[in-house]
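Chains A and C supply the protein sequences, listed in that same order. So the first sequence is residues 110 to 253, counted in my numbering. So the second sequence is residues 110 to 253, counted in my numbering.
2 protein chains.
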Amino acid sequence: MEESLPPGFRFHPTDEELITCYLSLKVSDVRFTSKAIADVDLNKCEPWDLPAKASMGEKEWYFFSMRDRKYPTGLRTNRATEAGYWKTTGKDKEIFRAGRLIGMKKTLVFYKGRAPRGEKSNWVMHEYRLENKPTFKTIKVCYI
Amino acid sequence: MEESLPPGFRFHPTDEELITCYLSLKVSDVRFTSKAIADVDLNKCEPWDLPAKASMGEKEWYFFSMRDRKYPTGLRTNRATEAGYWKTTGKDKEIFRAGRLIGMKKTLVFYKGRAPRGEKSNWVMHEYRLENKPTFKTIKVCYI
Numbered sequence: 110m111e112e113s114l115p116p117g118f119r120f121h122p123t124d125e126e127l128i129t130c131y132l133s134l135k136v137s138d139v140r141f142t143s144k145a146i147a148d149v150d151l152n153k154c155e156p157w158d159l160p161a162k163a164s165m166g167e168k169e170w171y172f173f174s175m176r177d178r179k180y181p182t183g184l185r186t187n188r189a190t191e192a193g194y195w196k197t198t199g200k201d202k203e204i205f206r207a208g209r210l211i212g213m214k215k216t217l218v219f220y221k222g223r224a225p226r227g228e229k230s231n232w233v234m235h236e237y238r239l240e241n242k243p244t245f246k247t248i249k250v251c252y253i
Numbered sequence: 110m111e112e113s114l115p116p117g118f119r120f121h122p123t124d125e126e127l128i129t130c131y132l133s134l135k136v137s138d139v140r141f142t143s144k145a146i147a148d149v150d151l152n153k154c155e156p157w158d159l160p161a162k163a164s165m166g167e168k169e170w171y172f173f174s175m176r177d178r179k180y181p182t183g184l185r186t187n188r189a190t191e192a193g194y195w196k197t198t199g200k201d202k203e204i205f206r207a208g209r210l211i212g213m214k215k216t217l218v219f220y221k222g223r224a225p226r227g228e229k230s231n232w233v234m235h236e237y238r239l240e241n242k243p244t245f246k247t248i249k250v251c252y253i
């Protein structure tokens, strides 16, 4: 797709577009695919391997990810990879469309090593979810 | 063009792309046109009329503009419209490609009324020019 676009055209969706035009379709139908957003298992991928797995993107890469697997206790989601873990930063942001809450956006930073002694990296993830059906998430990864 | 793109795809060129993929072609051939960048006479358009004249864009609008007409004295370029004038702000930025200077970027703010008593507005213009052949400029307008 991106190769066939004229110079300067890019995939730069708004938060609202990511939710209404992509994530909602994926949640409704697991078979939904898009040239712009690749499927990925975040527990099996280090952040620096993600750009190569993306369909397109230069500074931001987009993915669909299934709901995080829970720890046996069920209390925390597992955001670890082999090399480190994603840690939530800040508060979740509400995404509205025409005044109606359509989803949430969470920001996470990747730490190398094991919590709580991990070393902060420059890899950042924005995780979009529907409020009612969090089976899939849309992920935007960037290196800041 | 934009209507036929999937959701989330936009014209978001880098400074370098604006110069090498668009402005250079316009300077080489006045007949060059692009779906992304409309021709405009900035002296005849108030900033708030520009979005409607653009080919596409939601928060940023792109244009080709001919070299500013000079005052009879030849000392200053005429950046006035009927309702006000564009005033340079800050220093010009050099645009490099692979270490070579390919163009300059100037930032201007629109003031309503007449200098020096104009009232600052939220309309901002980024003006790209080739260093050697400033017959045409590429203009990016936004409302901040």
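Heads up, the beta-carbon is just placed ideally off N, CA and C, and yes, glycines get one too. As the structure is a prediction and not an experimental result, all values here were calculated from the model.
- Proximity to C:Tyr252 across C:Leu127, C:Ile146 and C:Ser230 peaks at C:Ser230, based on C-alpha coordinates.
- C-alpha of A:Val149 to C-alpha of A:Tyr131: approximately 15 angstroms in a straight line.
- In the pairwise beta carbon analysis, the region 161-169 of chain A is classified as not touching the region 148-162 of chain C: fewer than three pairs are separated by under 8 angstroms.
- C:His121 counts as exposed, since fewer than 16 other beta carbons sit within 10 angstroms of its beta carbon.
- Counting along the chain, the unbroken alpha helix (DSSP H) around C:Val136 starts and ends at Ser133 to Ser137.
- The Cβ neighbour count for C:Val139, taken over all protein chains shown within 10 Å, is under 16; the residue is labelled exposed.
- With a threshold of 8 angstroms between beta carbons, C:His235 makes no contact with chain A.
- For C:Lys162, the enclosing alpha helix (DSSP H) stretches over residues Leu159 to Lys162.
- Selection C:Leu114, C:Pro116, C:Gly117 and C:Leu127 evaluated against A:Pro116 yields C:Leu127 as nearest (Cα-Cα).
- Sequence-distant Cβ neighbours of A:Ile248 in its own chain, meaning closer than 8 angstroms and more than five residues away, are Val149, Leu151, Tyr171, Phe172, Phe173, Ser174, Met234, His235, Glu236 and Tyr237.
- For the region 113-133 of chain A, residues whose beta-carbon sits nearer than 9 angstroms to a beta-carbon of chain C comprise Leu114, Pro115, Pro116, Gly117, Phe118, Arg119, Phe120, His121, Pro122, Thr123, Glu126, Leu127, Thr129, Cys130 and Tyr131.
- Listed as beta-bridge partners of C:Glu236 by DSSP are C:Lys215 and C:Ile248.
- Ranked by Cα distance from A:Lys168, the first of A:Arg119, A:Lys202 and A:Gly208 is A:Arg119.
- Neighbours of C:Ala161 in chain A, taken as residues at a C-beta separation under 9 angstroms, are lacking, since the least C-beta distance is about 21 angstroms.
- Sorting A:Asn241, A:Lys135, A:Leu114 and A:Thr123 by C-alpha distance to the C-alpha of A:Leu210 places A:Asn241 at the top.
- For chain C, the residues of the region 132-152 of chain A that bring a beta carbon within less than 8 angstroms of one of its beta carbons are Ser143, Lys144 and Ala145, in chain order.
- C:Ala145 is classed as buried because its beta carbon has at least 16 other beta carbons within 10 Å across all chains shown.
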